[in-house]
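Number of protein chains: 4
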Amino acid sequence: MKVSIIGASGYTGVELIRYLSFHKDVEIFQLISRQFSGKKLSSVYPHFTKTPYEDLIFEEEVDLDSGDVYFLCLPHEPSVELVKKLADKGKKVIDLSAAYRIKNKDKYPEYYGFEHRYGELLEKAVYGLPEIFRSDIEKAGVVANPGCYPTATLLALYPVIKEDVIDTDTVVVNALSGISGAGRGMKQQFHYPEAHSNAYAYNPVKHRHIPEMEDIIKRVSGKEIKVRFTPHIIPVSRGMISTVIFETNLKREQLVELYRLEYRYEPFIRIASVPPQIKNVAGSNFCDIYVDLDERTGQAVIISAIDNLGKGASSQAVQNMNIMVGIPEDKYLKDISGSSILFP
Amino acid sequence: MKVSIIGASGYTGVELIRYLSFHKDVEIFQLISRQFSGKKLSSVYPHFTKTPYEDLIFEEEVDLDSGDVYFLCLPHEPSVELVKKLADKGKKVIDLSAAYRIKNKDKYPEYYGFEHRYGELLEKAVYGLPEIFRSDIEKAGVVANPGCYPTATLLALYPVIKEDVIDTDTVVVNALSGISGAGRGMKQQFHYPEAHSNAYAYNPVKHRHIPEMEDIIKRVSGKEIKVRFTPHIIPVSRGMISTVIFETNLKREQLVELYRLEYRYEPFIRIASVPPQIKNVAGSNFCDIYVDLDERTGQAVIISAIDNLGKGASSQAVQNMNIMVGIPEDKYLKDISGSSILFP
Amino acid sequence: MKVSIIGASGYTGVELIRYLSFHKDVEIFQLISRQFSGKKLSSVYPHFTKTPYEDLIFEEEVDLDSGDVYFLCLPHEPSVELVKKLADKGKKVIDLSAAYRIKNKDKYPEYYGFEHRYGELLEKAVYGLPEIFRSDIEKAGVVANPGCYPTATLLALYPVIKEDVIDTDTVVVNALSGISGAGRGMKQQFHYPEAHSNAYAYNPVKHRHIPEMEDIIKRVSGKEIKVRFTPHIIPVSRGMISTVIFETNLKREQLVELYRLEYRYEPFIRIASVPPQIKNVAGSNFCDIYVDLDERTGQAVIISAIDNLGKGASSQAVQNMNIMVGIPEDKYLKDISGSSILFP
Amino acid sequence: MKVSIIGASGYTGVELIRYLSFHKDVEIFQLISRQFSGKKLSSVYPHFTKTPYEDLIFEEEVDLDSGDVYFLCLPHEPSVELVKKLADKGKKVIDLSAAYRIKNKDKYPEYYGFEHRYGELLEKAVYGLPEIFRSDIEKAGVVANPGCYPTATLLALYPVIKEDVIDTDTVVVNALSGISGAGRGMKQQFHYPEAHSNAYAYNPVKHRHIPEMEDIIKRVSGKEIKVRFTPHIIPVSRGMISTVIFETNLKREQLVELYRLEYRYEPFIRIASVPPQIKNVAGSNFCDIYVDLDERTGQAVIISAIDNLGKGASSQAVQNMNIMVGIPEDKYLKDISGSSILFP
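Chains as they are written, first to last, in the numbering used here: chain U, 1 to 344; chain P, 1001 to 1344; chain Z, 2001 to 2344; chain G, 3001 to 3344.
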């Protein structure tokens, strides 16, 4: 299987290379990076020296014909066009941007600042969260790989929205994210002396991932449930915690059982007996979920942990690829725990 | 003014020494530490070498008579007795434990594991949050210095509970805390290789600071408002963020104005135009507060930041001392931004 | 091939499990840990949940008969006896302690505080640095896996001691180590609030790894060259830099060429064009080496980087195992870059 | 005393503001910053809100006439001219750049890339290391504030170069520096995800601070002693360790006594009984020094620790100011332990 990674030099791209380096059924036939075009992978990222991928060269032009599967790690707007081109050629596409995640294309001008011109393809693209849309992914040509916050949050919510046991029209979500979620581009607040030992909320009322979460909640539950979302930056390289609060009439035991049953055959979801820690999911495709109920307030508290670059991006993209091409879903993904350019 | 610090070798004790080292009206006449009894302060904490406090000696026995003000940095249960003894002698006492924070003494067995024997003194002790109880603190003999989570959260809530504009019976609080909040005692999860780059929620439904917060909310608002509280540990030494969510009928501008007015003369409360960062309050007595309203969900989001060892413990204790003895409240507290044994 | 890990719950043990989890030719048939005897691996280290090793149980008693290869991750003194027992049974043993590293058994009382009773076995044990002793390792029954500082330093020195081009009787070595090198045991200086943002030298004139380094230097060069060694702790979980200074008459180009030639076929040694970074070797078995000469002072500066838990301990142990049993040396070791309980 | 800070928005400038905020004899009458000209200090650095300096405004044009003391925190080349202008007006100048540090002006093209046009002023400028040049600083018009590596290293060497007890023509210096030493400008290697948990040597044979160190060594000892210098970056915001190795005929006790005597009246030098830690000097003007001798190799090992932004830059500049204007040298500098924008 010939695979292309477009936008290969950013964090999600480099993580994809790492995950694919374990994947025996895959050949990376092109790496696209405008910034490093013409350079060897190992000259930009020396940790690839003396590995099988040492001599891969970053290229500028995408070969639209030779590949079987294309991973796009591009900004949102350029992805719109390129996904369309590849879809028109019948290629399998896994897009890590938000370009094809939200069915309602009117959200794009408001949240992403551009008009989306391909409503039909948007309609056909499958949201790549296997635990919810597995059977659609199997048949998909274009998979929109979910955002990191939506992945963590929707996996924390799926059993209760599927069973319709949330008793309010709003869920409160507080999330913590590692700094790699903001990408490789430099910003003053991510300069080490100012980023270490610091933490803060950001985008406290309007974050791009809100319509993505609400859209899926509605598609699963049939109900309009709003997400009151506050993300926070914490001084870790990678990792994400999502703490989700809502009212329910279920008792604690019923709630825990609901999650155990729903996820019992899932290869990458683990129900934890204590609140999950970033260190247990970092560098992997796992999502750990803790389920509890505050009996004093009658509110459920569901806490999930993922690696924002793993289950929140690159390893989930590989999971989607496995499903799309008919390989066992967890193949070459289970025995990976580890890191990359970002670590330690 | 002669001052004693009892339990002086832990983090809050050492921070107190740091804050008092700037305070020209204070003489530390005794440092009590069982663990280091007989040792010089500068032999345990070498950063005091060649400073004015270099030769202070940790002692074992408390001199109950010679001091004007006593700071207690002890575990909760031993504080109960010692505060009583000092109060009986008419001393001014600032207790950094929870021993005298909660008026309802029935909460002690449930949340702290011991029976509280001094209901009368509990009734007379003043909760040491100056922004709410300043006039009581002026006359107090015993001040119960607030917990760090309650300080950050109650300062984020005070204007709206005072004006009674919360429209629900529950507020949702998610908080982030630095590891120093757990004290100097070693635990496996705080061993550097396992603590760095990690984060997680803990005590997700039952934390000791909940009755403390609900008690004050009720005393201010007259209403039973429950606090749905989830604390998280993040890999910073010190600093705390509290993100508070509730429903209100106020508009955004009204809400912001309410906070600006309430806190406009407060020396240590700063209304921030963006969500506050730990780095701006660490090592100081400031509390930075950001006020916003999510118009989609009709919910307010108030975010506060403090240093858990500063406004959340030791510098607030000094602020309380200033008020109790009639010194200008911010004296020698304003020009301190900085660190201690814990830093950098 | 049936493999046993004795002392499996410490950092080097857990890292071994991680490296072996990729190794298709290996079955871990027992994990020994007194501390966690009877517990499931995944209950102590939850990141193993839903992986193939989930159900392994820590045991207390070593089965001396059923295994093919035994990895010992024990304190030095207990290793002496257990290695002897296993060697007497003809088992292949890889000992990660210092118990069989130093040929001169008189060094043990001075540097390790015990008398070594098995001089004959000490003589036969092979020092497990494949780049120097590969052919001996192939035939070895007992391999003494090198210390982390000696690994980094001896790999930085091997070409010049082999070719005898050091012109002084002392080399100056300054090294930086991550905190995991001190193990999982808690100490006050490794409590997160005191360990983060801190750094310091330790054991500035007498470190246990000095006789180990000098012994190998003498065996390779035939000369008594002293190592003037200063290790430093830096606030990283894992990773090690060794900066080695000595006088030589070689020119810069000759020196660089010497290293390139010596290591050109080595699978895990990479000659770097700039000083090596911890992030490029962490979680792997690589050793990156930079070679330079300060023409003003006539002194060579060789800088090496390894992961103290990788090439400095556990992955080097797997490399040794591969050699001992006749598997290609880099099998299942090359495509691993990543982390473990310690990360991120 | 009216004081101006030119280049006030970088790390050394902001640290200067912090140190001067404690200095009761000083009024900051202008802050110069091209980048933030016209902005309030507290809008750029919110931690100054509600402090006495809240309303200071960054200006663009230097007022050369109104000040008594000028601190220059500029790049090297622009400093050359501005120091000259201020000196011609008879102002007291403390220059934190390297523009007037090296007496031999031929070093400037080689190490700094520009010709130095003011040899005469260069000759008159005083090197601002008070422990060596105190009496010159008292009379100086222009003080060249030392670099951070030279400060740490020269204080570690001063007693032995003064007494001429080094027996070789080369000293080996290995140093560790926090990232703030590279300034506030963003670089990819200082982007948090790539900087945290990483460490590496840099400029391993040619660093700009070498001629500065050798120049002072020669002026003190009269001898040409070369410095074989390897600096390393470690993942801390601030702090520096310098480990200095040389041969001597002194015994350990003599060596220790030499340091104790030389520095016994120094207010900011502390002889430590164990290798010094960054955490004990961070945020302060102290330099902690440990003295030892490796009897096996006959080499001394001297280890010093400073805060690169404190004794290595801004607080040393204040110490120099105090000396220049006749204030007690440690005034308002002793009770500061703490941090700033960079912390925690």
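No residue lacks a Cβ here, since even glycine has one placed at the ideal position from N, Cα and C.
Could you tell me the distance, in whole angstroms, from the CA atom of residue i to the CA atom of residue j?
i: LEU960/P; j: ASP1106/P; result: Absent from the model: residue 960/P. The displayed extent of chain P is 1001 to 1344, so no value can be given.
i: ASP3330/G; j: LEU3056/G; result: 26 Å
i: ASP3065/G; j: GLU3081/G; result: 16 Å
i: THR3153/G; j: THR3243/G; result: 8 Å
i: PRO275/U; j: PRO1204/P; result: 8 Å
i: LEU3041/G; j: LYS3103/G; result: 36 Å
i: VAL281/U; j: HIS2047/Z; result: 7 Å
i: SER3315/G; j: ILE1006/P; result: 33 Å
i: THR3012/G; j: ALA3182/G; result: 11 Å
i: ALA2175/Z; j: LYS2092/Z; result: 32 Å
i: ASP88/U; j: GLU115/U; result: 20 Å
i: LYS334/U; j: VAL1256/P; result: 49 Å
i: SER2197/Z; j: PRO1075/P; result: 28 Å
i: ILE2225/Z; j: TYR2149/Z; result: 17 Å
i: GLY185/U; j: VAL1291/P; result: 29 Å
i: ALA3201/G; j: GLN2277/Z; result: 8 Å
i: SER2284/Z; j: VAL3/U; result: 25 Å
i: GLY222/U; j: ILE323/U; result: 26 Å
i: HIS1232/P; j: GLU1262/P; result: 29 Å
i: GLY3067/G; j: LYS3139/G; result: 18 Å
i: GLU2015/Z; j: THR2049/Z; result: 16 Å
i: PHE3036/G; j: ILE3028/G; result: 17 Å
i: VAL1026/P; j: VAL1062/P; result: 18 Å
In or out: residue i buried (at least 16 other Cβ within 10 Å) or exposed?
i: ASP1095/P; result: buried
i: LEU2122/Z; result: buried
i: ASN3249/G; result: exposed
i: GLU1194/P; result: buried
i: SER1339/P; result: Caution is warranted here: a pLDDT of 42 is assigned to SER1339/P, below 50, making its placement in the model unreliable, and the coordinate value is therefore given only provisionally. The residue in question, SER1339/P, is buried, as its Cβ has 16 or more Cβ neighbours within 10 Å.
i: LEU72/U; result: buried
i: GLY3090/G; result: exposed
i: ARG1968/Z; result: Since the displayed chain Z opens at 2001 and closes at 2344, residue 1968/Z lies outside it and no answer follows.
i: GLU1295/P; result: exposed
i: GLN2188/Z; result: exposed
i: ARG2208/Z; result: buried
i: SER1273/P; result: exposed
Which one or two residues does DSSP pair with residue i in a beta bridge?
i: ALA2300/Z; result: PHE2246/Z, LEU2293/Z
i: HIS1191/P; result: HIS2191/Z
i: ASP3095/G; result: LEU3072/G, ALA3144/G
i: ASN1203/P; result: Paired residue(s): none; ASN1203/P is not in a bridge.
i: ARG3228/G; result: VAL3172/G
i: TYR3127/G; result: ALA3144/G
i: GLU59/U; result: ILE32/U
Count the CB pairs spanning the region 3237-3254 of chain G and the region 3300-3317 of chain G that are closer than 8 Å, and state whether there are at least three.
Yes, the region 3237-3254 of chain G is in contact with the region 3300-3317 of chain G.
Residue ranges of each alpha helix (DSSP H) run of no fewer than 4 residues wholly in the region 1013-1057 of chain P, ordered along the chain?
Listed in chain order, they are 1041-1044.
Entirely within the region 1249-1289 of chain P and at least 4 residues each: give me those alpha helix (DSSP H) ranges in chain order.
Entirely contained in the region 1249-1289 of chain P, the alpha helix (DSSP H) runs reaching 4 residues are, in chain order, 1252-1263.
Using a Cβ distance threshold of 8 Å, determine whether the region 1114-1134 of chain P contacts the region 1143-1150 of chain P, with at least three qualifying pairs required.
The region 1114-1134 of chain P vs the region 1143-1150 of chain P: in contact.
Touch check for the region 3315-3325 of chain G and the region 3162-3172 of chain G: three-plus C-beta pairs under 8 Å?
In short, these stretches do not touch, since the Cβ pair count stays below three.
Quick check: the region 2154-2161 of chain Z against the region 2261-2280 of chain Z, are at least 3 beta-carbon pairs closer than 8 Å?
As far as the Cβ criterion goes, the region 2261-2280 of chain Z touches the region 2154-2161 of chain Z, which means the pair count is three or higher.
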